[in-house]
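*Asks:*
Residue numbers (UniProt numbering), protein chains in the order written: chain C, 1 to 356; chain F, 1 to 155.
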């Protein structure tokens, strides 16, 4: 079984082909192509026409890399949301057109489900597992019980983790992208305990996140310092890592308790994994901290390789394949969904701040 | 002549109050331009405003990554933009800008990215950090907002 997937929901234009032996036959991401490398994904593909301009070529390239023609593909999947509506429409329309022209099934994939199921493509992780999804745009803790079955334990009430990294890096004058630059700076810290930053939400009974206040706390230190020296920046970067780590660990630990009580480990390997997905999983410090926590709680720590943690189409093709082999396809009347929660029953969280 | 008004906000509750007052003035076609440094509370202000008008428990995530988040409120759709990542003003058209200024309400962070597309009729709100939790808000009414601001904030 071979599925072609298309991703156009935010900054990336991407196409990939996977099969049911969990082989990635092709995985093409526009910003990773040589001619686009100078931009490094910094410039968002706001323009639907930019996706439109490149998508045909990317699909052709993916088929060439996989040595396949469209006749050998069993289904076409595309991100149907959530995301920027213009981009999503381009991906969905292209997939529908291909499906209609070739008489192939069409599968609309939730972008977040793509992230959520990647660990099954890369590591064959059995259901159920606990997922921490941490990226530039998302920060959620989810129980992944099956294809299409999610229970959201927590989410951010303001900024996502990746966003906190980017904005803190900017406050410290480090540039973009914030994650790697902040991590590099933190490694040079000579006095990592010098600045105290709050670990947001630590000790709260739920599993929600908040990172907006942390950014403001960093700002206050920068203002007090006037012009921070390189040593100041390094120490602040270390303090930031520590605070984010403390917050993530506290939130995850709570989620692990809830997950284990609902999903005791079973003989099929279910209930045994903590999976981390999203670009933030590339951060060595946070990865180590989370791996330690998983070990302490008797869970296996799994993080897909970085190229499959950031936005890509292999995850869309794979989620499409998982749905397709369960007989879940979509009609050509599917309407793109700019908002599409994985767990429609999740209770919106209350804001930590004061109400008017 | 633009009308300006400066308010000292001692804590987040005061910010929330101001957001609720501004929210009550809004009607379809309005544009509110939010400015202030990183961490000044632009998104927090927007969150209070949106919750004041709709569901008090509405999720209002940061629009930084997605560039825009929309909310169906009683009477109109509110679009919460963060234009920081735009590289040129015309890109905003791709985000549905013409539809917004026709019958929606726009809360815009980083409005300077709009360049010449910044509407003449607009309410500007600038937040300055004056302490750990305190802020100073400066509201400026441009065009038709000059008189609306005065009426809206009469004691």
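Cβ coordinates follow ideal geometry from the N, Cα and C atoms, glycine included.
Run through the DSSP bridge pairs and tell me what residue 105 of chain F is partnered with.
*Replies:* In the DSSP output, where bridge partners are listed per residue, residue 105 of chain F has F:78.
*Asks:* So with CB distances below 9 Å, who are the chain F contacts of residue 160 of chain C?
*Replies:* What residue 160 of chain C touches in chain F: 61, 62, 64 and 65.
*Asks:* From the DSSP output, in three-state form, read off residue 20 of chain C for me.
*Replies:* It is coil, neither helix nor strand.
*Asks:* Assuming the contact rule is C-beta atoms closer than 8 Å, residue 206 of chain C and residue 12 of chain C should be a hit. Round their C-beta distance to whole Å, please.
*Replies:* About 32 Å separates the two Cβ atoms, so there is no contact after all.
*Asks:* Please look up how many angstroms separate the CB atoms of residue 172 of chain C and residue 228 of chain C, rounded, as I've assumed it's under 8 Å.
*Replies:* Confirmed, about 7 Å.
*Asks:* With DSSP as the reference, please indicate the residues paired to residue 209 of chain C in a beta bridge.
*Replies:* C:156.
*Asks:* Am I right that residue 99 of chain C and residue 105 of chain C are in contact with their C-beta atoms under 8 Å? What's the rounded C-beta distance?
*Replies:* The Cβ separation is near 7 Å, so the contact holds.
*Asks:* So, at 6 Å on beta carbons, what are the nonlocal neighbours of residue 7 of chain F in its own chain, with the 5 sequence-adjacent residues on each side left out?
*Replies:* Excluding sequence neighbours, residue 7 of chain F sits near 137.
*Asks:* Is the CB of residue 147 of chain F under 8 Å away from at least one CB in chain C?
*Replies:* With 8 Å as the cut-off, residue 147 of chain F does not count as an interface residue toward chain C.
*Asks:* Taking 8 Å as the CB-CB cut-off, is residue 79 of chain F touching chain C?
*Replies:* So no, residue 79 of chain F is outside the interface.
*Asks:* Measure how close the beta-carbons of residue 105 of chain F and residue 76 of chain F come, nearest whole angstrom, since I'm counting them as under 8 Å.
*Replies:* Confirmed, Cβ separation roughly 5 Å.
*Asks:* What are the start and end residues of each continuous beta strand (DSSP E) run of 3 or more residues lying completely inside the stretch 173-201 of chain C, in chain order?
*Replies:* Here no run is fully enclosed.
*Asks:* Is residue 72 of chain C helix, strand or coil when you go by DSSP?
*Replies:* The answer is helix: DSSP assigns residue 72 of chain C an H, G or I state.
*Asks:* Would you say the stretch 157-170 of chain C touches the stretch 299-311 of chain C, given that touching needs at least three Cβ pairs under 8 Å?
*Replies:* The stretch 157-170 of chain C vs the stretch 299-311 of chain C: no contact.
*Asks:* In the DSSP assignment, find the unbroken beta strand (DSSP E) run with residue 122 of chain C in it and report its ends.
*Replies:* Counting along the chain, residue 122 of chain C falls outside any beta strand (DSSP E), though it belongs to the alpha helix (DSSP H) covering 111-123.
*Asks:* Is residue 113 of chain C buried or exposed, if buried means 16 or more other CB atoms sit within 10 Å of its CB?
*Replies:* It is buried - the Cβ of residue 113 of chain C has at least 16 other Cβ atoms within 10 Å.
*Asks:* In terms of residues, what are the limits of the beta strand (DSSP E) holding residue 301 of chain C?
*Replies:* Unbroken beta strand (DSSP E) run through residue 301 of chain C: 300-302.
*Asks:* I need the straight-line Cα distance from residue 136 of chain C to residue 65 of chain F, nearest angstrom please.
*Replies:* The alpha-carbon atoms of residue 136 of chain C and residue 65 of chain F are separated by roughly 6 Å.
*Asks:* Can you tell me whether residue 67 of chain F is helix, strand or coil according to DSSP?
*Replies:* In the structure shown, residue 67 of chain F sits in coil (DSSP, three-state: anything other than H, G, I, E or B).
*Asks:* How many angstroms separate the CA atom of residue 144 of chain C from the CA atom of residue 277 of chain C?
*Replies:* Whole-angstrom Cα-Cα distance: 13 Å.
*Asks:* Taking the C-alpha atoms as reference points, what is the distance between residue 252 of chain C and residue 28 of chain C?
*Replies:* Straight-line Cα distance between these residues: approximately 33 Å.
*Asks:* Going by other Cβ atoms of all chains shown within 10 Å of its Cβ, with 16 needed for buried, is residue 42 of chain C buried or exposed?
*Replies:* Bear in mind that a pLDDT of 42 at residue 42 of chain C, under 50, signals an unreliable position, so the number given afterwards is only what the model happens to contain. Residue 42 of chain C is exposed by the Cβ-count criterion.
*Asks:* Mind listing which residues of the stretch 32-62 of chain F have their C-beta closer than 9 Å to chain C's C-betas, in chain order?
*Replies:* Within the stretch 32-62 of chain F, the residues whose Cβ lies closer than 9 Å to some Cβ of chain C are 37, 38, 39, 40, 41, 43, 44, 47, 48, 51, 52, 55, 56, 57, 58, 59, 60, 61 and 62, listed in chain order.
*Asks:* Do residue 67 of chain F and residue 55 of chain C come within 8 Å of each other at the CB atom, strictly closer than that value?
*Replies:* Going by C-beta atoms, residue 55 of chain C is not nearer than 8 Å to residue 67 of chain F.
*Asks:* Report the residue from C:101, C:202, C:76 and C:259 whose alpha carbon sits nearest the alpha carbon of residue 92 of chain C.
*Replies:* Comparing Cα positions, the closest option is C:76.
*Asks:* Going by C-alpha distance, which of C:305, C:238, C:224 and C:22 is nearest residue 322 of chain C?
*Replies:* Closest by alpha carbon: C:22.
*Asks:* Count the other C-beta atoms from every protein chain shown that fall within 10 angstroms of the C-beta of residue 37 of chain C, then say buried if there are 16 or more, exposed otherwise.
*Replies:* Unreliable positioning characterises residue 37 of chain C in this predicted model, as indicated by a pLDDT of 46, which lies under 50. The coordinate reading is nonetheless provided below. The residue is exposed, with fewer than 16 neighbouring Cβ atoms inside 10 Å.
*Asks:* Taking 8 Å as the threshold (beta carbon to beta carbon), is residue 132 of chain F in contact with chain C?
*Replies:* Chain C contact via Cβ: present.
*Asks:* Any idea if residue 202 of chain C is buried or exposed, counting beta-carbon neighbours within 10 angstroms, 16 or more meaning buried?
*Replies:* Exposed, since its Cβ has fewer than 16 Cβ neighbours within 10 Å.
*Asks:* Work out the CA separation of residue 117 of chain F and residue 244 of chain C for me, nearest whole Å.
*Replies:* So the two alpha carbons sit approximately 38 Å from each other.
*Asks:* On the CB-based measure, 16 or more other CB atoms within 10 Å of its CB, does residue 99 of chain F come out buried or exposed?
*Replies:* It is exposed - the Cβ of residue 99 of chain F has fewer than 16 other Cβ atoms within 10 Å.
*Asks:* Is residue 103 of chain F buried or exposed, if buried means 16 or more other CB atoms sit within 10 Å of its CB?
*Replies:* The residue is exposed, with fewer than 16 neighbouring Cβ atoms inside 10 Å.
*Asks:* Would you mind sorting residue 315 of chain C into buried or exposed? The rule is 16 or more other CB atoms within 10 Å of its CB.
*Replies:* Looking at its Cβ environment, which holds 16 or more other Cβ atoms inside 10 Å, residue 315 of chain C is buried.
*Asks:* With distances taken from CA atoms, which of C:216, C:194, C:303 and C:233 is nearest residue 175 of chain C?
*Replies:* The shortest C-alpha separation from residue 175 of chain C is found at C:233.
*Asks:* So for residue 49 of chain F, helix, strand or coil by DSSP?
*Replies:* Note: residue 49 of chain F maps to helix in three-state DSSP.
*Asks:* Identify whether residue 3 of chain F lies in helix, strand or coil by the three-state DSSP scheme.
*Replies:* Residue 3 of chain F: strand per DSSP, three-state reduction.
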